[in-house]
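>
Protein chains: 2
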Amino acid sequence: MMMQNIDRVLIESLKQRRQKLANLIDFPAILWSGTNSPRNFANNVYPFRASSHFLYFAGIPLPNAAIRLDDGKITLYINDASPSSALWHGETPSRDEIAETIAADAAYPMDELRSQIDGAGTIAVQDAATWTQQTQLLDRMVLPQLPPSGIDLELARAIILLRVTHDSGALAELKKSAAVAIEAHKAGMRATKSAIREAKVRAAMESVIIGHNMTTSYNSIVTVHGEVLHNEHYHHPVQMGDLILADVGAETPTGWASDITRTWPVSGKFSSTQRDIYDVVLAAHDACIAKIQPGVEYSDIHLTACGVIAEGLANLGILQGKPEELVEKDIHALFFPHGIGHLLGLDVHDMEDLGDLAGYEDGRSRSERFGLGYLRLNRPLRTGMLVTIEPGFYQVPAILNHARSQYHYLINWERLEQFSDVRGIRIEDDVLVTDNGAEILTGALPTVANDIEKLVNC
Amino acid sequence: MMMQNIDRVLIESLKQRRQKLANLIDFPAILWSGTNSPRNFANNVYPFRASSHFLYFAGIPLPNAAIRLDDGKITLYINDASPSSALWHGETPSRDEIAETIAADAAYPMDELRSQIDGAGTIAVQDAATWTQQTQLLDRMVLPQLPPSGIDLELARAIILLRVTHDSGALAELKKSAAVAIEAHKAGMRATKSAIREAKVRAAMESVIIGHNMTTSYNSIVTVHGEVLHNEHYHHPVQMGDLILADVGAETPTGWASDITRTWPVSGKFSSTQRDIYDVVLAAHDACIAKIQPGVEYSDIHLTACGVIAEGLANLGILQGKPEELVEKDIHALFFPHGIGHLLGLDVHDMEDLGDLAGYEDGRSRSERFGLGYLRLNRPLRTGMLVTIEPGFYQVPAILNHARSQYHYLINWERLEQFSDVRGIRIEDDVLVTDNGAEILTGALPTVANDIEKLVNC
């Protein structure tokens, strides 16, 4: 069991969250924390990750627990450890001690939950043991794959309304997480010159995260094949001339995530072609952040990136045509096929367990367009939202081979061939929307090519 | 998808395993690989771990796949990647290429499995999505918690008979895994003096494992509170006078595990009391390994450790009485409450997904005795078995407080108090049973106190 002192800031935030939820719904909510998922056998489990919704209101990860939120009050349900547990897991705090830690109003064994369940809404937890329990106790199907309905949907919308902007307790944690991810990226850059395989660079980065008693917030991408967007292999050799794309984030013990991508040259020096493309991606990154402020549509931020990339590639002679027309035809998306970013919070794609409910404003849905369909966030920005800004450039063989015949007049394929040492570049920061514009939580990590080179060479 | 060249040794072993299984059962076996388990949302998954039984016959981890073993032949069932998958995951090998890699005799899409299922035995996979599929396709309950019965039990017994001793393909992998775990422990020792918290030592150790493109074979224990047996916290400060107990193992990309524990002084020098107890635990460790040979009962190895520990503690004046009588009364177990070890292979507790079927010889079951009930292995040793030998000494408050009134005449409590700087010590190696006795796969990592001190100080 994870026990730690929760600081006053977080406790105050927890109380406010509970009260705010009460202002939004007129029925009780019961949120389960979840249980360990088995790896290769029941006693060899993956590291426990509590449900984010539970963490949002309870503050700390408690396996096999539930909370009932009603009218601003919180009741904790958790079993005391068995006597034999003290042998294997050491002395653990009692139910009442835990309740005090999280400022719960009352606490009972899990069995008591059964009698407190009537008329309660819930959100499905990811592990099968827990959603089976949710389904049985509530006597209705509660499955992570099933979109919520009825009061569960009402509860989901209320929680989204709270979680979509961050309070001071959340921001304190998010900044800790960002600080550690920054150190991890610096360590990765420093370790690159002596690394033989990608795995060594990954090790240097994750070592920083583990050393701060945090965990990765998602499976790290550390690769010389940045053109493979979800690349979770680390066996490739790291060679002079390669770029390393590292998409690595940290997560605090209470569950708050960071998400950073940097791309750097193995040799410590970008080739001129690599630098040309890098600067296009960086220009998109900077233009997007400059545009962030309350009220701006996130989809417009995305289109800003598309425009800057199209223009940059046109200036380099890779694309032929006016930037606006190239974007309208989704030509930019041949090289930048994903969205400009997503919400960030307790989840690296915050609240993606609820599908697009959190990411998409009511009444909006995913576009059919190739260049927009992968956009995970489509809402007007509000103060307190934390979003990633992560433009990229990739030469994905599957896309380019398909496009070769279709777009021969918009792409100068001969010119593109000169950029064959640029397989994948992405630059990603975590950006908080403020009243005045934007605060880059990960801004202490350089983005400019010269500065990146210095870090690799130091 | 994990693809790599499988070397000839492993391919030959795979073929032999398939043939040997055919010699033991007269019905087909279908083994599923399993799928990713979600962490906090469906797209943020824990690192994939294929079912060990699948790995044993297929050789490499393939998510969402199955194999059918019949009469020495193996058929692979796996879907080709979707065209859009190439965008996100890169070009993946085709079904036929995978089939060739693992020397499969035929390969089909997963849908074809339905028609090949009649009369087949299986073993439950850990993740709910897969055991649901197993249950539906086979039209009987297939659950990891449910002990196998009928042909599933027959299949389990046959696979256990094979997996309980290791062939050359397995040994090659097990040795790689051991070599990396050894390096990890050395790195942990070297990192200790400059570490402020346990997490830093853990980071140094896991960094070696990640850097070799391996994973931990279980959640690492790296703690100054070795008396908490399953301690998965890493936040304690590391202070002069503390002992660090590190139980950390590696797992190769094809799933083979190692499992090493060492205990070392933070200061680089054991106190005299720490060294006294350390030497008792080491004497037990050495006596057990000296006794290993084919035909010897593993429970006798356990009792050897109990006897050496009881004798050592009596010599130190902590226990009062003859060692044999102390062991008969389970007094040793107050300080050494767990078993001397377990099977090791694809799982760190090999085949523990089958309960005690693998660990306990037919007709045997767990002892009611406190000093024996936690023994995970109770079989006569055979050439090719790999077992851990892991004696320990712990001052567990929950046990000692309970014993204080009961055993005042067998324990010199005043003397014991002088050893208060010894909270937990364990020394664990991975030992292969050979025709001539034992080969310590992890033997390149020192166990002697002086040598341990040198590593911490270097």
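These protein sequences, in sequence, are chains S and Z. Take the first sequence: its letter number 331 is residue 331 in my numbering, and every next letter is one higher. If you want my numbering, it's the 1-based position in the second sequence plus 1000. No residue lacks a Cβ here, since even glycine has one placed at the ideal position from N, Cα and C.
#1: Using the C-alpha atoms, what's the distance from tryptophan 32(S) back to serine 115(S)?
#2: Between alanine 199(S) and chain Z, is there a C-beta pair that is closer than 8 Å?
#3: Between the alpha carbons of glutamate 1428(Z) and threonine 1261(Z), how many angstroms are there, rounded?
#4: If the cut is a Cβ gap below 9 Å, which residues of chain Z does leucine 229(S) touch?
#5: Is it buried or exposed for aspartate 7(S), if we count other Cβ within 10 angstroms and need 16 for buried?
#6: Using three-state DSSP, classify aspartate 451(S) as helix, strand or coil.
#7: Between alanine 156(S) and the rest of its own chain, which residues show a CB-CB distance below 7 Å, the 5 nearest in sequence each way excluded?
#8: List in chain order: all unbroken alpha helix (DSSP H) runs of 4+ residues lying wholly within the segment 1092 to 1140 of chain Z.
#9: Any C-beta of chain S sitting closer than 8 Å to the C-beta of glutamine 1395(Z)?
#10: Are the beta-carbon atoms of arginine 197(S) and proline 294(S) separated by less than 8 Å?
#11: Would serine 94(S) count as contacting chain Z if we go by Cβ distances under 8 Å?
#12: For lysine 1175(Z), which three-state DSSP category applies?
#13: Going by DSSP, what residue range makes up the beta strand (DSSP E) through threonine 1223(Z)?
#14: Going by C-alpha distance, which of Val387(S), Ala86(S), His166(S) is nearest isoleucine 301(S)?
#15: Which class does lysine 1015(Z) belong to by DSSP, given the choice of helix, strand or coil?
#16: With a cut-off of 8 Å, does the C-beta of aspartate 353(S) fall near any C-beta of chain Z?
#17: Taking just the CA atoms, how far does alanine 1107(Z) sit from proline 1093(Z)?
#18: Can you look up threonine 304(S) in the DSSP assignment and give me helix, strand or coil?
#19: Between the alpha carbons of leucine 949(Z) and serine 1271(Z), how many angstroms are there, rounded?
#20: Does the beta carbon of proline 47(S) sit closer than 8 Å to a beta carbon anywhere in chain Z?
#21: By the 10 Å Cβ neighbour count, where 16 or more other Cβ atoms means buried, how is tyrosine 278(S) classified, buried or exposed?
#22: Using a beta-carbon distance below 8 Å, is proline 1337(Z) in contact with chain S?
#23: Starting from aspartate 7(S) and walking both ways along the beta strand (DSSP E), at which residues does that stretch end?
#24: Whose C-beta lies closer than 7 Å to the C-beta of leucine 1344(Z) among residues of the same chain, with five residues either side of it excluded?
#25: With a threshold of 7 Å on Cβ separation, who are the neighbours of glycine 268(S) within its own chain once the five nearest residues in sequence on each side are excluded?
#26: Hey, arginine 425(S) and glycine 392(S) are a contact pair by Cβ (cut 8 Å); roughly how many whole angstroms apart?
#27: Nearest by alpha-carbon distance to arginine 1379(Z): which of His1338(Z), Ile1399(Z), Pro1337(Z), Glu1297(Z) is it?
#28: Identify the continuous alpha helix (DSSP H) that holds alanine 325(S) and give its terminal residues.
#29: Unbroken alpha helix (DSSP H) runs of length 4 or more, entirely within the segment 1393 to 1426 of chain Z: which are they?
#30: Say whether chain S places a C-beta atom closer than 8 Å to the C-beta of histidine 1408(Z).
#31: What does the Cβ neighbour count give for phenylalanine 1027(Z), buried or exposed, with the cut at 16 atoms within 10 Å?
#32: In three-state DSSP terms, what is arginine 1068(Z)?
#33: For the beta strand (DSSP E) that alanine 1333(Z) lies in, which residues bound it at each end?
#34: Cβ of arginine 404(S) less than 8 Å from any chain Z Cβ?
#35: On the DSSP bridge assignment, give the partners of tryptophan 264(S) in chain order.
#36: Identify every residue that forms a DSSP beta bridge with lysine 1073(Z).
Inspection of the coordinates gives the following:
#1: Counting from one through the first sequence, the residue named residue 115(S) turns up at place 115. Counting from one through the first sequence, the residue named residue 32(S) turns up at place 32. Spanning the two alpha carbons is a distance of roughly 15 Å.
#2: In the first sequence, counting from the first residue as 1, residue 199(S) sits at position 199. Under the Cβ criterion of 8 Å, alanine 199(S) is counted among the residues facing chain Z.
#3: The residue you call residue 1428(Z) lines up with position 428 of the second sequence. The residue you call residue 1261(Z) lines up with position 261 of the second sequence. Near 5 Å, if we compare the C-alpha coordinates of threonine 1261(Z) and glutamate 1428(Z).
#4: Residue 229(S) sits at position 229 when you count from the first residue of the first sequence. Those within 9 Å of leucine 229(S) in chain Z are Leu1087, Trp1088, His1089, Gly1090.
#5: In the first sequence, residue 7(S) corresponds to position 7, counting from 1. Aspartate 7(S) comes out exposed.
#6: Locating residue 451(S) in the first sequence gives position 451, where the first residue counts as 1. If DSSP states are grouped into helix, strand and coil, aspartate 451(S) belongs with the helices.
#7: The sequence position of residue 156(S) within the first sequence is 156, counting from 1. Result list for alanine 156(S): Ile123, Pro148, Leu354, Leu357, in chain order.
#8: 1095 to 1101, 1128 to 1138
#9: Counted from its first residue, the second sequence places residue 1395(Z) at position 395. By this cut-off, glutamine 1395(Z) is not an interface position.
#10: One-based indexing of the first sequence puts residue 197(S) at position 197. One-based indexing of the first sequence puts residue 294(S) at position 294. Contact flag unset, no.
#11: To locate residue 94(S), count along the first sequence from 1; it is residue 94. No Cβ of chain Z is located within less than 8 Å of the beta carbon of serine 94(S).
#12: Translated into the one-based positions of the second sequence, residue 1175(Z) becomes position 175. Of the three classes helix, strand and coil, the one that applies to lysine 1175(Z) here is helix, per DSSP.
#13: As a position in the second sequence, residue 1223(Z) is number 223, starting the count at 1. Unbroken beta strand (DSSP E) run through threonine 1223(Z): 1221 to 1223.
#14: Taking the first residue of the first sequence as position 1, residue 301(S) is located at position 301. Per the Cα distances, Val387(S).
#15: Position 15 of the second sequence, counted from the start, is the residue given in the question as residue 1015(Z). Here lysine 1015(Z) sits in helix by DSSP.
#16: For the purposes of this step, residue 353(S) is identified with residue 353 of the first sequence, where counting begins at 1. It does: the Cβ of aspartate 353(S) has a partner Cβ on chain Z nearer than 8 Å.
#17: In the second sequence, residue 1093(Z) corresponds to position 93, counting from 1. In the second sequence, residue 1107(Z) corresponds to position 107, counting from 1. The alpha-carbon separation between proline 1093(Z) and alanine 1107(Z) amounts to approximately 13 Å.
#18: In the first sequence, residue 304(S) corresponds to position 304, counting from 1. Helix at threonine 304(S).
#19: Look at the range of chain Z in this structure, 1001 to 1458, and you will see that residue 949(Z) is not part of it.
#20: Taking the first residue of the first sequence as position 1, residue 47(S) is located at position 47. It does: the Cβ of proline 47(S) has a partner Cβ on chain Z nearer than 8 Å.
#21: By one-based count along the first sequence, residue 278(S) stands at place 278. Result: buried.
#22: Here residue 1337(Z) corresponds to residue number 337 of the second sequence, with the count starting at 1. Put simply, the CB of proline 1337(Z) is near chain S, with a gap under 8 Å to one of its CB atoms.
#23: Along the first sequence, one-based indexing puts residue 7(S) at 7. Unbroken run through aspartate 7(S): none, as it is neither H nor E.
#24: Within the second sequence, numbered from 1, the residue matching residue 1344(Z) stands at position 344. The residues are Ala1257, Asp1259, Asp1350, Leu1386, Val1387, Thr1388, Asp1430.
#25: To locate residue 268(S), count along the first sequence from 1; it is residue 268. Once the five neighbours on either side are set aside, the close Cβ partners of glycine 268(S) are Lys193, Glu453, Val456, Asn457.
#26: On the first sequence, position 425 is the one that residue 425(S) refers to. On the first sequence, position 392 is the one that residue 392(S) refers to. A quick correction: the sequence has isoleucine, not arginine, at residue 425(S). About 6 Å separates the two Cβ atoms, so the contact holds.
#27: Indexing the second sequence from 1 puts residue 1379(Z) at position 379. Of His1338(Z), Ile1399(Z), Pro1337(Z), Glu1297(Z), the residue nearest in Cα terms is Glu1297(Z).
#28: Translated into positions along the first sequence, residue 325(S) becomes position 325. Before going further, note that residue 325(S) is glutamate rather than alanine in the sequence given. 323 to 328 is the extent of the alpha helix (DSSP H) around glutamate 325(S).
#29: 1397 to 1406, 1413 to 1417
#30: The sequence position of residue 1408(Z) within the second sequence is 408, counting from 1. Chain S contact via Cβ: absent.
#31: Numbered from its first residue, the second sequence carries residue 1027(Z) at position 27. Within 10 angstroms of the beta-carbon of phenylalanine 1027(Z) lie fewer than 16 other beta-carbons, which makes it exposed.
#32: Mapped onto the second sequence, residue 1068(Z) falls at position 68. Here arginine 1068(Z) sits in strand by DSSP.
#33: To locate residue 1333(Z), count along the second sequence from 1; it is residue 333. Premise fails: alanine 1333(Z) is in no beta strand (DSSP E) and is neither H nor E.
#34: Stepping through the first sequence from its first residue, residue 404(S) is reached at position 404. Taking 8 Å as the CB threshold, arginine 404(S) stays off the interface with chain Z.
#35: For the purposes of this step, residue 264(S) is taken as the residue at position 264 of the first sequence. Tryptophan 264(S) has Ile244(S) as its beta-bridge partners, per DSSP.
#36: Position 73 of the second sequence, counted from the first residue, corresponds to residue 1073(Z). For lysine 1073(Z), which the question treats as bridged, DSSP gives the partners Asp1070(Z).
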